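Each residue of the sequence shown is one higher than the one before, counting from 2 in our numbering. Following: one structure in structure tokens, then a few remarks.
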Amino acid sequence: MNFEFDLTITMSLILSVIVIGFTWFRTRRHDVDERFMTGAKRMGDLDKRVQAVEQSIAVMPGKDDIHRLEMALSEIAGDIKAMRATTRATNDAMARIDRVVNRHEDHLLDGSKK
């Protein structure tokens with residue numbers, strides 16, 4: 002085995018290995034940068050969605066608002082019951098007045114016939 006040291010072959014081999022290493026490193030870095038940009042875009046989209054949800058929640062009524070609404074509705078229900086009772090009493094009074102008026106009409110109509 003006779004190995005002769007040729008500088009041009011050795012330099013071309015070293016240069017080829019360096020170029021292969023640089024190409025591998027550069028393409029690997031490009032892929033990592035691309036994946037990072039994709040992740041950053043997704044994070045931006047998620048941030049926008051979270052902000053939209055936070056804004057929606059901020060304008061929703063809270064526990065105290067719901068309690069005030071329940072109390073107001075209870076008060077309105079009580080008022081409606083009172084109005085219903087008053088209306089029934091008024092209807093009963095109107096029915097009695099109607100009976101009295103009918104009797105007067107009957108008396109006046111029958112009295113004029115006699």
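Ideal Cβ placement from N, Cα and C applies to all residues, glycine included. None of the values given here were measured: they were computed from a predicted structure.
Exercise. On the three-state DSSP scale, how would you describe Asp66?
Worked result: In this structure, Asp66 counts as helix in the three-state DSSP scheme.
Exercise. Quick one: Cα of Val60 to Cα of Leu70, how far?
Worked result: Taken atom to atom, the span from the alpha-carbon of Val60 to that of Leu70 is near 16 Å.
Exercise. Under the three-state reduction of DSSP, which class applies to Asp34: helix, strand or coil?
Worked result: In the structure shown, Asp34 sits in a helix (DSSP, three-state: H, G or I).
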